[in-house]
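Residue numbers (the numbering used here): 108 to 391.
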């Protein structure tokens, strides 16, 4: 009887976790760049009642007799499928078509995100809504990336070619390859930098850190940094953002399955309790 009680308790726990994951997915159905998760269950150890035996000349073989001891959570698997595009018209909004991630820096830590709702702050830095600084490359005279990761800024010191004294910034735009192009009062268009992208061998090994961002995990592999159009990193769509990839129809189905699983596990506990009560009443 105690085995069935503990199996029912384990069922309550994992189905509650499934409800938690599904609820979080539904809550973020309209979150830009959000990637949904799913729960994966597996059984726990089984108790061996009798072992298996091999056939011999006297009699045939016999299979083992085992009783399972419940269920446990095996994984919460991330879904990195492409989300639908949403047109915004903002010149600083970017959407990745491919497997890449934007690289941002927050509080000295390098993070990765698919949410491309960016803007320039008061200092001219390209930032996320939470203030994390978007990372990219400075460009040489040929427009090729040079050096390591750096903040992307509208400051004149980043322009290629250099901006003479007295020349002012008039306008800017981000091209489909992620390069920031700026027009100045002397009529010359200069490039201020290029948005970087990261790729991972195992993106499902990334760890959520909030604000629709991830950090590299022990099983994700090191980030492979580069620019759009290289490898699997993908390309940019300017003026659009990637919406959540949560499928509400599938999530509501998962919600029903988790609810029914929770109810069934609670019924196992109730039935086991009734059987124990009957055993106690036999003595009367």
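C-beta: ideal position from N, C-alpha, C; glycine also.
Cross-strand partners of residue i (DSSP beta bridge)
i, result
"residue 155", "173"
"residue 192", "349"
Residue from the options whose Cα sits closest to the Cα of residue i
i, options, result
"residue 308", "339, 319 and 334", "339"
"residue 158", "174, 369, 311 and 382", "174"
"residue 146", "328, 130, 183 and 282", "183"
"residue 234", "254, 248 and 210", "210"
"residue 217", "352, 331 and 229", "331"
"residue 285", "324, 223, 113 and 165", "223"
"residue 283", "206, 202, 316 and 185", "202"
"residue 280", "325, 294 and 199", "199"
"residue 215", "153, 239 and 164", "239"
Rounded C-alpha distance that separates residue i from residue j
i, j, result
"residue 119", "residue 299", "55 Å"
"residue 350", "residue 251", "31 Å"
"residue 344", "residue 204", "7 Å"
"residue 365", "residue 143", "16 Å"
"residue 228", "residue 327", "32 Å"
"residue 329", "residue 386", "59 Å"
"residue 320", "residue 231", "22 Å"
"residue 190", "residue 208", "13 Å"
"residue 318", "residue 304", "18 Å"
7 Å Cβ cutoff, residue i in contact with chain B
i, result
"residue 133", "No chain B appears in the structure shown, which is made up of a single protein chain."
Contact set for residue i: own chain, Cβ-Cβ below 6 Å, skip 5 residues either direction
i, result
"residue 151", "176, 177 and 179"
"residue 322", "218, 314 and 316"
"residue 115", "372, 375 and 376"
"residue 368", "122"
"residue 125", "146 and 365"
C-beta atoms of residue i and residue j nearer than 7 Å
i, j, result
"residue 292", "residue 277", "yes"
"residue 206", "residue 127", "no"
"residue 245", "residue 257", "yes"
"residue 358", "residue 129", "yes"
"residue 288", "residue 296", "yes"
"residue 181", "residue 149", "yes"
"residue 140", "residue 221", "yes"
"residue 167", "residue 160", "no"
"residue 225", "residue 310", "no"
Contacts around residue i, its chain only, beta-carbon distance under 7 Å, and the 5 residues preceding and following it disregarded
i, result
"residue 136", "351, 353 and 355"
"residue 274", "291, 292 and 293"
"residue 395", "Because the chain is modelled from 108 through 391, residue 395 falls outside the range shown and cannot be assessed."
"residue 112", "376 and 379"
"residue 236", "224"
"residue 132", "143, 144, 353 and 358"
"residue 384", "none"
Cβ shell of residue i (< 8 Å), same chain only, five flanking positions each side left out
i, result
"residue 324", "312, 313 and 314"
"residue 247", "253 and 267"
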